[in-house]
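See structure below.
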Amino acid sequence: MLYKGEHESVDLNSEITFIENYIALEKLRHDKSFTVQFNYPKNIEGYKIPPLLLFPLVENAFKHSSSGVKLALDLEGDQLMFRTQNNYHQTKTDKYLNSESNGIGLKNTSERLTVLFPEKHNLQIQDNGETFIVDLKVTLTNE
Numbered sequence: 747m748l749y750k751g752e753h754e755s756v757d758l759n760s761e762i763t764f765i766e767n768y769i770a771l772e773k774l775r776h777d778k779s780f781t782v783q784f785n786y787p788k789n790i791e792g793y794k795i796p797p798l799l800l801f802p803l804v805e806n807a808f809k810h811s812s813s814g815v816k817l818a819l820d821l822e823g824d825q826l827m828f829r830t831q832n833n834y835h836q837t838k839t840d841k842y843l844n845s846e847s848n849g850i851g852l853k854n855t856s857e858r859l860t861v862l863f864p865e866k867h868n869l870q871i872q873d874n875g876e877t878f879i880v881d882l883k884v885t886l887t888n889e
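Each residue of the sequence shown is one higher than the one before, starting from 747 at the first, in my numbering.
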C-alpha cells in the first residue's frame, strides 16, 4: 500500500489485504485472549478507494484497545460503510477530533475525507466510556 501512495486510488482489495497483513502483525503482538474480527463481502471487485483511507481507523482501534477489535466493511451500491469497534479501560473525553494530543489520526482522517469526498462522506464517533466505535460512510466510484 505504501508503495502505491503516489496513486490517487487503489483497488479496495489492496486496502483489505493491507489491513489483513496489519491484523496478522497485531495478533503477534498481543496474547491469545485479544480477539480480532474483520468482516467484509467477498465480491468487492471494481471498487476504488484512496490509498490508506481506512488504515488510520484500524490502527487507532488497535492502539487503544484493551481486549480486542471488531472491523466491518459493507458495500451497498456505491456506498462503502466501515466500522471499527474496540473496548478500553481508560477514561476518555469526547474531544477526539479537536484535541491537540489525542485523536490526531482521527482528526487527519476527518480532514482528508473532507478534501477527498466533500459532501459524500459521514464520519461518526461514539464513545460510551468502555467502547469506542467509528462509523464511516463514503460514496465510492465503481469502475
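Here a beta-carbon is modelled for each residue, glycine too, at the ideal position from N, C-alpha and C.
Membership of K773 in the alpha helix (DSSP H) is indicated by the continuous run 758-775.
Within the DSSP bridge table, the entry for N868 names K883 as partners.
Looking at the DSSP output, K794 bridges to D757. No Cβ-Cβ contact shorter than 7 Å links E865 with N833. DSSP places L819 in the uninterrupted beta strand (DSSP E) bounded by 814-822. Around the beta carbon of G823, fewer than 16 other beta carbons lie within 10 angstroms, which makes this residue exposed.
Excluding sequence positions up to five before and after E805, its CB lies within less than 8 Å of the CB of Y768, G851, all in the same chain and listed in chain order. Rounded to whole angstroms, T885 and Q825 show a C-alpha spacing of 5 Å. Under the three-pair Cβ rule at 8 Å, the region 762-776 counts as touching the region 793-812.
Distance between M827 and Q783, taken at the CA atoms: about 16 Å. Going by DSSP, L803 is part of the alpha helix (DSSP H) stretching over 801-810.
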